[in-house]
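The opening residue of the sequence shown carries number 1 in the UniProt record's numbering; numbering runs sequentially from there.
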Amino acid sequence: MDLADWAERFELLGDPTRLGLLAHMHHVGPGVATVSDLAEAAGITRNAASQALRILRDKGWVRSARDADDGRVVRYSLADDTVHRILHLMGARHH
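Rendered as structure tokens:
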């Protein structure tokens, strides 16, 4: 068991904004949520959502992909299976 890794996970999950973004991505499913969708769901600005998403992406928890129909739109998904399982343990459900 890597205690430092788990401590970092709990630190990231301890932020209500990041947790809200992760929960919304989990709920809507992979490749659906945009920054605007996530910001609205979390009740924050697009800038705040972008900053939180950058941290989650840098840690490998979230991945982003350009929309196939509109290359200007970026959609976000959970990328870390452990985070997915933790969200389920917390009671999060899929759409």
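Ideal Cβ positions, reconstructed from N, Cα and C, are used throughout, including at glycine. Note that this is a predicted model, so its numbers are computed, not measured.
Between residue 75 and residue 65, the C-beta gap is smaller than 7 Å, which places the two residues in contact. A direct Cα-Cα distance of roughly 11 Å separates residue 10 from residue 3. When the Cα atoms are used, residue 57 and residue 32 turn out to be separated by approximately 16 Å. Per DSSP, reduced to three states, the secondary structure at residue 74 is strand. Counting along the chain, residue 28 sits inside the alpha helix (DSSP H) bounded by residues 16-28. Here DSSP, grouped into helix, strand and coil, assigns residue 79 to coil. Taking residue 8 as reference, the option from 46, 35, 61, 53 with the minimal CA-CA separation is 61.
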